[in-house]
Amino acid sequence: MHATNPTKSSHSAAAPVITIDGPTASGKGTITRLLARRLGWHILDSGALYRLVALAARKHSIPFDDDDSLRTLAAHLDVEFVVDEDAGEVVTLLEGEDVTQELRTETCGNDASKVASVPAVREALLERQRAFRQPPGLVADGRDMGTVVFPDAVLKIFLTASAEERARRRYNQLKDKGLGVTMRGLLDEIAERDARDRERSASPLVPAEDAIQLDTSELGIDEVVDRLWSLCQARLG
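Following this line, the structure appears as structure tokens:
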């Protein structure tokens, strides 16, 4: 698995892409990392880019309804993804500062959902996301990877899970980090984010017409990765 800070010049349209889309807490990030590691491909965590825009906006006191400033911020985002081989994790740097942990907070996630609904931000990040497409291949996770960013992907997956199961997963993650949360509060936040993602005018959250939909409510992580691996083997040969 690799993480990079690509430029347009490094873009390779010949590299195959697998997209993994779905709502918040559906397991996209974990599944993407594990599948990419098994394939030996690059990864794109598109949600991290929107979280980074949201973090940068707060850092520079830019309101979330200031579309022009958000567009400029997104277009010139100073970000780098660095692989920490010892820890086996990807470290995210924003303007040279390690913001890896801050990106994972619920506040940042909610802020990201707000800036992601701004068409100008999505447009500004489009080519930046496509630049991650490099040999030997890319596994990209997000909400519009298969519909907008990589419509020619060789395999498109749409992960789903019940709101209750997604809230339970998020609850356990946050409790493990020592954060005080409630199931009721997380359910409300997930419902709000789902509605915002589905109803936004720019790239709403919908499965691509040729996507394979997989409900992970009753599946473990290893089961999901094994199923996707089988699909990859069949599709890639």
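Residue numbers (the working numbering): -19 to 217.
Note that CB positions come from ideal geometry on N, CA and C, so glycine has one too.
For residue i, which residues of its own chain have a beta-carbon under 6 Å away from its beta-carbon, when the five flanking residues on both sides are left out?
| i | result |
| --- | --- |
| L73 | E60 |
| D124 | S183 |
| L154 | V161 |
| A(-6) | none |
| A141 | S6, T196, S197 |
| D58 | E75 |
Which residues mark the beginning and the end of the beta strand (DSSP E) in which residue i is found?
| i | result |
| --- | --- |
| A54 | Run containing A54: none in the beta strand (DSSP E); it sits in the alpha helix (DSSP H), 47 to 55. |
| G122 | 118 to 122 |
| L73 | 69 to 74 |
| L24 | 22 to 25 |
| I(-2) | -3 to 1 |
Within 10 Å of its beta-carbon, does residue i have 16 or more other beta-carbons around it, so buried, or fewer, so exposed?
| i | result |
| --- | --- |
| I201 | exposed |
| G158 | exposed |
| L216 | exposed |
| G126 | buried |
| K39 | exposed |
| R164 | exposed |
| E203 | exposed |
| E69 | exposed |
| D190 | exposed |
| T(-13) | The predicted model places T(-13) with a pLDDT of 48, which falls under 50 and marks its position as unreliable; any figure quoted below should be read in that light. It counts as exposed. |
| Q109 | buried |
| K(-1) | For the sequence presented, residue -1 should be read as Thr rather than Lys. Per the 10 Å Cβ criterion, buried. |
Residues in the same chain with beta-carbon distance under 7 Å from residue i, minus the five sequence neighbours each way, listed in chain order, please.
| i | result |
| --- | --- |
| A37 | F44, L50, L53, V95 |
| S181 | P99 |
| A28 | T72, L83 |
| A171 | A143 |
Confirm, please, whether the CB-CB distance from residue j to residue i is below 7 Å.
| i | j | result |
| --- | --- | --- |
| R178 | S93 | no |
| W21 | L105 | no |
| L199 | L139 | no |
| L15 | L211 | no |
| T10 | D121 | no |
Would you kindly report the start and end of the unbroken alpha helix (DSSP H) that includes residue i?
| i | result |
| --- | --- |
| V101 | 99 to 110 |
| K136 | Per DSSP, K136 belongs to no alpha helix (DSSP H); it is in the beta strand (DSSP E), 135 to 140. |
| V186 | Premise fails: V186 is in no alpha helix (DSSP H) and is neither H nor E. |
| G89 | 86 to 96 |
| R180 | Here R180 belongs to no alpha helix (DSSP H), and DSSP marks it neither H nor E. |
| A214 | 201 to 216 |
Any C-beta of chain B sitting closer than 7 Å to the C-beta of residue i?
| i | result |
| --- | --- |
| G200 | Protein chains in the displayed structure number just one, and chain B is not present. |
Near residue i, what residues of its chain come up, given a Cβ to Cβ distance below 8 Å and the 5 sequence neighbours on each side ignored?
| i | result |
| --- | --- |
| D91 | R31, A34, L35, A37, R38, F44 |
| V134 | P(-4), V(-3), I(-2), R215, L216 |
| D174 | P3, T4, A143, L185 |
| D206 | none |
(Q) Taking 8 Å as the cut-off, does the region -4 to 8 touch the region 174 to 187 (at least 3 CB pairs, one atom from each stretch)? (A) These segments touch.
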